[in-house]
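A.B. asks: Residue numbers (this note's numbering): 56 to 319. Glycine is no exception: its CB is placed at the ideal position from the N, C-alpha and C atoms. A quick note: this is a predicted structure, and the numbers were derived from the prediction, not measured.
So this is what it looks like as structure tokens:
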């Protein structure tokens, strides 16, 4: 497994991160449940193969992902960096920050979270949630108390807005979309790295869209066996990327992606 330094934190992270947003589920009487044993085995396999960054969020997998990740971390907590996200859109007052944080700490069964993100920021949420309710102050308090290690945000808006949020100079990492088909954030990612932020990317294989581009198969090198592999290699080749999250759905995918992240 290859590793990179995560911004100014000094932390060494695996270039492949486990995105726990697509854990295997089953439907029972109209309700969805994560397949716990299978999911934990997948996550632990990733850890054994060198992945040391795992990302989840409050609503993932019908609100069950954090519970599963917490169980999978047993025996690994001091070896793995944990990232999760607060549901920014649900905030209605300043105290909601602490309420969600404490709930997520309990769900994850941990004493602290390494990277705690404001989830899915755009210009409107930054102004009307984060700034309006003084959530940056709440985040700093939580960090001072050791409940979170690094203040982070995930992002869905224009590059200019991303730069504006970075320029608050409180954030230590950013999570944004980046892949062969979505390159709009390239310059703002470089800006983030220059400012000392760790850069995490989501959707490195474009949510499966890249696999639909059959015409690319004729142009890829012989040593590259698939379009998802090409997509990951493309993302890994950008030195502004600290870690790329892959929403892995089965153990074979975990092993294959770990192999790609260890090659070259």
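What's the gap between the Cα of residue 301 and the Cα of residue 103?
C.D. replies: 16 Å
A.B. asks: From residue 284 to residue 160, what does the alpha carbon distance come to, in whole angstroms?
C.D. replies: 35 Å
A.B. asks: Any idea if residue 88 is buried or exposed, counting beta-carbon neighbours within 10 angstroms, 16 or more meaning buried?
C.D. replies: Under a 10 Å Cβ-count criterion, residue 88 is classified as exposed, with fewer than 16 other Cβ atoms of the shown protein chains found around its own Cβ.
A.B. asks: Alpha helix (DSSP H) containing residue 110: first to last residue?
C.D. replies: That residue, residue 110, is in no alpha helix (DSSP H); its beta strand (DSSP E) goes 108 to 110.
A.B. asks: Counting along the chain, where does the alpha helix (DSSP H) carrying residue 100 start and finish?
C.D. replies: Element bounds for residue 100: 91 to 103.
A.B. asks: Can you name the residues that DSSP bridges to residue 172?
C.D. replies: 140 and 207
A.B. asks: Is the beta carbon of residue 214 sitting closer than 8 Å to the one on residue 234?
C.D. replies: no
A.B. asks: Where does residue 180 fall in DSSP's three states?
C.D. replies: helix
A.B. asks: Counting pairs of Cβ atoms below 8 Å between the stretch 251 to 258 and the stretch 219 to 235, do you hit three or more?
C.D. replies: yes
A.B. asks: Rounding to the nearest angstrom, what Cα-Cα distance links residue 314 and residue 148 in this structure?
C.D. replies: 45 Å
A.B. asks: By how many angstroms is the C-alpha of residue 281 removed from the C-alpha of residue 142?
C.D. replies: Cα to Cα, residue 142 sits roughly 35 Å from residue 281.
A.B. asks: Closest to residue 130 by C-alpha separation, out of 117, 107 and 208, would be which residue?
C.D. replies: 107
A.B. asks: Going along the chain, which residues of its own chain have a beta-carbon closer than 8 Å to the beta-carbon of residue 91, five neighbours each way excluded?
C.D. replies: 123 and 126
A.B. asks: Would residue 183 be called buried (16 or more neighbouring beta carbons within 10 Å of its own) or exposed?
C.D. replies: exposed
A.B. asks: Please state whether the Cβ-Cβ distance between residue 309 and residue 97 is less than 8 Å.
C.D. replies: Between residue 309 and residue 97, the CB-CB gap stays under 8 Å.
A.B. asks: Given a threshold of 16 other Cβ atoms within 10 Å of its Cβ, counted over all protein chains shown, does residue 248 qualify as buried or as exposed?
C.D. replies: buried
A.B. asks: Looking only at its chain, what residues have a beta carbon closer than 7 Å to the beta carbon of residue 306, apart from the 5 residues adjacent to it on each side?
C.D. replies: 96, 97 and 100
A.B. asks: Here's a check: name, in chain order, each residue in its chain whose Cβ is nearer than 6 Å to the Cβ of residue 211, leaving out the five neighbours to either side.
C.D. replies: 175 and 177
A.B. asks: Hey, quick one: how far does the beta strand (DSSP E) through residue 257 stretch, first residue to last?
C.D. replies: 253 to 257
A.B. asks: Which same chain residues, not among the five before or five after residue 171, have their C-beta less than 6 Å away from its C-beta?
C.D. replies: 203
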